[in-house]
Amino acid sequence: LSSVEWAFDRLPPQGQLFFWFTGHGSELPAFPWSQALRLELGQTVTGELSFQDLTMPDGSKYDLYTFSLTETSQVTITLSSQDFDAFLWLFDSERLPVATDDDSGGGLDAQISVELTAGIYFIVANSFSEGEYGSYTLATIPRSSESGKVK
């Protein structure tokens with residue numbers, strides 16, 4: 004299945020399907036999935052994008068993380084930085100994009116809020132543009148499905 008066919012196939016009858024376009028072009032690098040740093044749901048980590056980090060085709064830098072879910076969960080992922088324009092990518096276990104975000108976290112911070120089924124997921128903590136470096140904070144926040152409140 005193509006990404007579009009896959010998205011339609013997984014769309015619940017009452018759901019919505021969103022298409023997104025990013026400033027990163029259509030090419031993605033061959034992500035080193037097996038080298039992703041492990042996160043736990045509810046964990047907050049600090050990191051740093053530097054000149055030596057992994058590079059997207061557009062020249063922007065990124066770090067790669069992974070987390071897993073044992074049941075369907077509402078999850079919010081935030082990436083904030085005082086040093087660069089934050090950009091988030093979320094991929095599923097088949098390495099297909101689930102969501103991307105640039106500035107939904109306020110200012111130049113990124114935030115993705117989504118319901119995810121049980122499985123393995125990958126987060127790409129990315130700067131929006133080439134030449135952007137610095138420290139960041141990445142958080143995975145579980146939310147209650149009923150109320151949207153933090154568990």
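So the number in this note's numbering is just where the residue sits in the sequence shown, counting from 1, plus 3. Where is the CB? At the ideal position from N, CA and C, for every residue including glycine. Note that the structure is predicted; figures quoted are calculated from it, not measured.
N-terminal and C-terminal residue of the beta strand (DSSP E) that residue i is part of
i           : result
residue 100 : 100 to 104
residue 131 : Per DSSP, residue 131 belongs to no beta strand (DSSP E) and is neither H nor E.
residue 118 : 113 to 119
For residue j and residue i, the rounded distance between their alpha carbons
i           : j           : result
residue 134 : residue 126 : 21 Å
residue 116 : residue 72  : 15 Å
residue 90  : residue 128 : 6 Å
residue 81  : residue 69  : 14 Å
Per DSSP, cross-strand counterpart(s) of residue i
i          : result
residue 49 : 140
residue 77 : 118 and 146
Helix, strand or coil at residue i [DSSP, three-state]
i           : result
residue 38  : helix
residue 43  : coil
residue 135 : coil
Contact check, residue i vs residue j, beta carbons under 8 Å
i           : j           : result
residue 78  : residue 99  : no
residue 143 : residue 46  : yes
residue 137 : residue 51  : yes
residue 122 : residue 104 : no
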